[in-house]
Amino acid sequence: LCLCFGFGKYVAGDYIDGMLQLTRSLGDCPLHRQNIVSHEPVVRSSSLTSSTFFCLAATDGIWDQFSSLEACQYVYDQVRSSVNACSGPVDIQDILLQVSRALGSEAAKRATNSGHQSDDVSVLILVISQFW
6 LCLCFGFGKY
16 VAGDYIDGML
26 QLTRSLGDCP
36 LHRQNIVSHE
46 PVVRSSSLTS
56 STFFCLAATD
66 GIWDQFSSLE
76 ACQYVYDQVR
86 SSVNACSGPV
96 DIQDILLQVS
106 RALGSEAAKR
116 ATNSGHQSDD
126 VSVLILVISQ
136 FW
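Quick note on our numbering: the sequence shown kicks off at 6 and runs consecutively.
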């Protein structure tokens, strides 16, 4: 897929002009002024239930390598495994930090193994209810 716009700009695959990923467009004002990228966020809402354990927010470096379900399952399994391995008091903040880093490392490994360049990653795990 390659979409061409005025001013010699184009979108090929997930990149604009072969250099800017669409999700990185929030601060790229010159491309906004030419209506090449939008700064409008995609907003979704969901109802919380008693089985809602956490919210996982991450950048495209994660979503390029994981489906939503796969990433959530990874976080769930890693947290449960880490808590079960603790012989003393559980430091959930430390565990969540370790799991966030592990998720980013796994995404980078998957990108490398598939012959793609690893993208920067940011991960936020917001615990809604205790699940460990």
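For glycine and all other residues, C-beta sits at the position ideal for the given N, C-alpha and C.
Cβ neighbours of ALA63 within its own chain (closer than 8 Å, five residues either side excluded): ALA76, LEU108, VAL126, SER127, VAL128, LEU129.
In this structure, DSSP gives CYS34 a helical state, which the three-state scheme calls helix. For ILE100, the enclosing alpha helix (DSSP H) has its first and last residue at 97-118. Contact between the segment 110-127 and the segment 52-71 is present: three or more C-beta pairs spanning the two stretches fall below 8 Å. Burial check for ILE41: the Cβ neighbour count within 10 Å reaches 16 or more, so the residue is buried. Just so you know, the alpha carbons of ARG106 and GLU45 end up roughly 28 Å apart. Cα atoms of VAL88 and ASP96: separation of roughly 9 Å, rounded to the nearest angstrom.
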